[in-house]
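K.L.:
Residue numbers (my numbering), protein chains in the order written: chain A, 188 to 475; chain B, 681 to 848. Can you read through this structure? Questions will come right after.
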């Protein structure tokens, strides 16, 4: 008999018709369980408590995933010439300088905050409030990007709502903390709302994200508001969640649609976590 | 060790390896379009050995993926359970279809899967129930294409694994 005339399983040779299908009651029960999990998470934010601790448990998985690349890099390093190694050292020194410049940038921003009468502590005091965090994982859903970070030093402890900064400005805030890991909700997240103030017109607004590599928008802006294209937006610190004075985004387009009672203001975010590994987290002394 | 228990452990091991592959972080746009190997491996086991893989496995790995991806807790679990049910319900038909046709079915399934992940469960947007936009649709398309291209590799690799270690 030809193969075409008699269809057989391509996968296994066992008698597949003898296998019973799964019980619908069990499927239904599982679906109800999943819905309960989803509803609990939506209404009581249960996952914010569980997730970072869950990620602590998944730490070995993430480390194993990085092992082949780590070994590959080590082998490459081993076979590299002395000059190549010198280049690597230079690159690392450059990165080190970059991190130092981030620190100095933070000082500058703090100084500006002082000029705006929103700074209370001195620059030296603020320096102690920064700690370095390393990116471990970035979620694959670009509409709701969540970054998992770990601290370099065991002495550092995460705290909820600590702001996370890149050298270009505000990146997000910690929403869930575990023992070794924390989750950072990025400003680009569609759930993220950041109170901002514009650099020249000094107008306050709420900035909402739309996902990574997408334009964000300012909510409910009256048509009489005098925003300008290219204006930078800084965190205003209103609401007490985000610290004030950090650059967040730049106004990209202002549209006045006749069918909308508000202005449609699109902004581009100044920073992205995609190509970067290290960030600074800002400890809030008032929370401790 | 009992053969059935050993088989289950080996299946869990393959899913864990897929989870490890999924947890690798790419520093570019590929991070958002890379295929979900846990799901592909789960689909394979549901077709190949439906009596060894069930709802519990789907639920367990769904919740693990939820933790890894920081999505709404239970969302991946729900989708994995539904896909497991569909695969087991139609595995007689799915198994006898040629590999290219299977890849096409995977393509359709993955488009639906990625679109459901864009639902606005947390009500972050006032006027919309789905956050998907043009860029997300393109990403979805690439994701589905990559998943369907990966399917034959996953299929033959898992078959090799099954024949070598599970011996059914």
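Heads up, the beta-carbon is just placed ideally off N, CA and C, and yes, glycines get one too.
Could you tell me whether any Cβ in chain A is nearer than 7 angstroms to the Cβ of residue 705 (chain B)?
P.N.:
Here residue 705 (chain B) refers to the residue found at position 25 of the second chain. Closer than 7 angstroms: yes.
K.L.:
Select from B:697, B:799 and B:775 the residue whose C-alpha is nearest the C-alpha of residue 247 (chain A).
P.N.:
On the first chain, position 60 is the one that residue 247 (chain A) refers to. Cα-wise, what sits closest to residue 247 (chain A) is B:697.
K.L.:
Go ahead and pull the three-state DSSP assignment for residue 365 (chain A).
P.N.:
Translated into positions along the first chain, residue 365 (chain A) becomes position 178. Coil.
K.L.:
For residue 732 (chain B), does the three-state DSSP call read helix, strand or coil?
P.N.:
Translated into positions along the second chain, residue 732 (chain B) becomes position 52. DSSP places residue 732 (chain B) in coil when its eight states are reduced to three.
K.L.:
Expressed to the nearest angstrom, what Euclidean distance is found between the alpha-carbon atoms of residue 469 (chain A) and residue 378 (chain A)?
P.N.:
Locating residue 469 (chain A) in the first chain gives position 282, counting from the first residue. Locating residue 378 (chain A) in the first chain gives position 191, counting from the first residue. Cα to Cα, the separation comes out at about 21 angstroms.
K.L.:
Step through the CB atoms of chain A and report whether any lies within less than 7 angstroms of the CB of residue 793 (chain B).
P.N.:
Start at 1 with the first residue of the second chain, and residue 793 (chain B) comes out as number 113. Residue 793 (chain B) does not count as touching chain A.
K.L.:
Give a yes or no on contact between the stretch 422-430 of chain A and the stretch 441-449 of chain A, applying the rule of three or more CB pairs nearer than 8 angstroms.
P.N.:
They do not touch, by the three-pair rule.
K.L.:
Using the C-alpha atoms, what's the distance from residue 834 (chain B) back to residue 840 (chain B)?
P.N.:
The residue labelled residue 840 (chain B) in the question sits at position 160 within the second chain. The residue labelled residue 834 (chain B) in the question sits at position 154 within the second chain. Each residue's alpha carbon lies about 10 angstroms from the other.
K.L.:
Name the DSSP bridge partner or partners of residue 403 (chain A)?
P.N.:
Translated into the one-based positions of the first chain, residue 403 (chain A) becomes position 216. Answer is A:454, bridged to residue 403 (chain A).
K.L.:
Taking the straight line between their C-alpha atoms, what separation do you get for residue 420 (chain A) and residue 718 (chain B)?
P.N.:
On the first chain, position 233 is the one that residue 420 (chain A) refers to. On the second chain, position 38 is the one that residue 718 (chain B) refers to. Taking the straight line joining both Cα atoms gives about 41 angstroms.
K.L.:
Please list the partners that residue 761 (chain B) has in chain A, where partner means a Cβ-to-Cβ separation under 7 angstroms.
P.N.:
Along the second chain, read from residue 1 onward, the residue named residue 761 (chain B) stands at position 81. Within 7 angstroms Cβ-Cβ: 214, 217, 218 and 221.
K.L.:
Can you list the residues of chain B that residue 330 (chain A) reaches, using a CB-CB cut of under 7 angstroms?
P.N.:
Translated into the one-based positions of the first chain, residue 330 (chain A) becomes position 143. Result: 798, 811 and 816.
K.L.:
Do you know how far the Cα of residue 726 (chain B) is from the Cα of residue 733 (chain B)?
P.N.:
Along the second chain, one-based indexing puts residue 733 (chain B) at 53. Along the second chain, one-based indexing puts residue 726 (chain B) at 46. Cα to Cα, the separation comes out at about 6 angstroms.
K.L.:
What residue range is occupied by the uninterrupted alpha helix (DSSP H) comprising residue 235 (chain A)?
P.N.:
In the first chain, counting from the first residue as 1, residue 235 (chain A) sits at position 48. Where residue 235 (chain A) is concerned, the enclosing alpha helix (DSSP H) stretches over 233-266.
K.L.:
With DSSP collapsed to three states, give me the class of residue 686 (chain B).
P.N.:
Within the second chain, residue 686 (chain B) is the residue found at index 6, counting from 1. The answer is helix: DSSP assigns residue 686 (chain B) an H, G or I state.
K.L.:
Kindly confirm or deny that the stretch 767-777 of chain B and the stretch 264-280 of chain A touch, where touching means at least three C-beta pairs closer than 8 angstroms.
P.N.:
Contact between the stretch 767-777 of chain B and the stretch 264-280 of chain A is absent, because fewer than three Cβ pairs lie under 8 angstroms.
K.L.:
In this structure, does DSSP put residue 335 (chain A) in helix, strand or coil?
P.N.:
The residue given as residue 335 (chain A) occupies position 148 in the first chain. Correct three-state label for residue 335 (chain A): strand.
K.L.:
If you measure from the beta carbon of residue 427 (chain A) to each beta carbon in chain B, is any gap under 7 angstroms?
P.N.:
Your numbering for residue 427 (chain A) matches position 240 in the first chain. It does not: the Cβ of residue 427 (chain A) has no partner Cβ on chain B nearer than 7 angstroms.
K.L.:
I need the straight-line Cα distance from residue 437 (chain A) to residue 283 (chain A), nearest angstrom please.
P.N.:
As a position in the first chain, residue 437 (chain A) is number 250, starting the count at 1. As a position in the first chain, residue 283 (chain A) is number 96, starting the count at 1. Approximately 27 angstroms, taken between the alpha carbons.
K.L.:
Are residue 751 (chain B) and residue 783 (chain B) touching if we call contact CB-CB under 7 angstroms?
P.N.:
Within the second chain, residue 751 (chain B) is the residue found at index 71, counting from 1. Within the second chain, residue 783 (chain B) is the residue found at index 103, counting from 1. It is not a contact, given that the beta carbons lie outside the stated cut-off.
K.L.:
Between the stretch 385-399 of chain A and the stretch 252-262 of chain A, do at least 3 Cβ pairs fall closer than 8 angstroms?
P.N.:
Flag = no, the stretch 385-399 of chain A and the stretch 252-262 of chain A do not touch.
K.L.:
So is residue 752 (chain B) in contact with chain A if we call contact Cβ pairs under 7 angstroms?
P.N.:
Your numbering for residue 752 (chain B) matches position 72 in the second chain. At least one chain A Cβ lies under 7 angstroms of residue 752 (chain B).
K.L.:
What residues are listed by DSSP as bridge partners for residue 356 (chain A)?
P.N.:
Counting from 1 along the first chain, the entry for residue 356 (chain A) is found at position 169. Beta-bridge pairing links residue 356 (chain A) to A:353.
K.L.:
Taking only beta-carbon atoms, is residue 462 (chain A) less than 7 angstroms away from chain B?
P.N.:
Taking the first residue of the first chain as position 1, residue 462 (chain A) is located at position 275. Closer than 7 angstroms: yes.
K.L.:
Following the continuous alpha helix (DSSP H) through residue 795 (chain B), name the residue where it begins and the one where it ends.
P.N.:
Counted from its first residue, the second chain places residue 795 (chain B) at position 115. Counting along the chain, the alpha helix (DSSP H) containing residue 795 (chain B) begins and ends at 779-797.
K.L.:
Given that residue 242 (chain A) touches chain B, what residues does it touch there, using C-beta distances under 8 angstroms?
P.N.:
Position 55 of the first chain, counted from the start, is the residue given in the question as residue 242 (chain A). Under the 8 angstroms cutoff, chain B gives 747 and 748.
K.L.:
State yes or no: is the beta carbon of residue 455 (chain A) nearer than 7 angstroms to at least one beta carbon in chain B?
P.N.:
Residue numbering aside, residue 455 (chain A) sits at position 268 when the first chain is read from its first letter. Residue 455 (chain A) does not count as touching chain B.
K.L.:
Which chain A residues sit within Cβ distance under 9 angstroms of residue 801 (chain B)?
P.N.:
Position 121 of the second chain, counted from the start, is the residue given in the question as residue 801 (chain B). Correct list: 225, 228 and 229.
K.L.:
Do residue 264 (chain A) and residue 366 (chain A) come within 7 angstroms of each other at the CB atom, strictly closer than that value?
P.N.:
Residue 366 (chain A) sits at position 179 when you count from the first residue of the first chain. Residue 264 (chain A) sits at position 77 when you count from the first residue of the first chain. Their beta carbons are not under 7 angstroms apart, which means residue 366 (chain A) does not touch residue 264 (chain A) by this criterion.
K.L.:
Could you tell me if the beta carbon of residue 247 (chain A) falls within a distance shorter than 6 angstroms of some heavy atom in the ligand ZN?
P.N.:
For the ligand ZN, the structure offers nothing, since it holds no ligand at all.
K.L.:
Counting only C-beta atoms, is residue 846 (chain B) closer than 7 angstroms to chain A at any point?
P.N.:
To locate residue 846 (chain B), count along the second chain from 1; it is residue 166. No, residue 846 (chain B) lies away from the interface with chain A (no Cβ there is under 7 angstroms from its Cβ).
K.L.:
Is any beta-carbon of chain A found at less than 7 angstroms from that of residue 711 (chain B)?
P.N.:
Counting from one through the second chain, the residue named residue 711 (chain B) turns up at place 31. Yes, because at least one Cβ of chain A sits closer than 7 angstroms to the Cβ of residue 711 (chain B).
K.L.:
Once you ignore the five residues that flank residue 723 (chain B) on each side, which residues in its own chain have a CB closer than 6 angstroms to its CB?
P.N.:
Residue 723 (chain B) sits at position 43 when you count from the first residue of the second chain. Closer than 6 angstroms at the Cβ level, and outside the excluded window around residue 723 (chain B), lie 767.
K.L.:
In three-state terms, what does DSSP make of residue 212 (chain A)?
P.N.:
Numbered from its first residue, the first chain carries residue 212 (chain A) at position 25. Here residue 212 (chain A) sits in helix by DSSP.
K.L.:
Does any C-beta atom of chain A lie closer than 7 angstroms to the C-beta of residue 841 (chain B)?
P.N.:
To locate residue 841 (chain B), count along the second chain from 1; it is residue 161. Cβ-Cβ to chain A under 7 angstroms: no for residue 841 (chain B).
K.L.:
Would residue 375 (chain A) pass as a contact of residue 456 (chain A) if the rule is Cβ separation under 7 angstroms?
P.N.:
The count along the first chain starts at 1 and reaches residue 375 (chain A) at position 188. The count along the first chain starts at 1 and reaches residue 456 (chain A) at position 269. It is a contact, given that the beta carbons lie within the stated cut-off.
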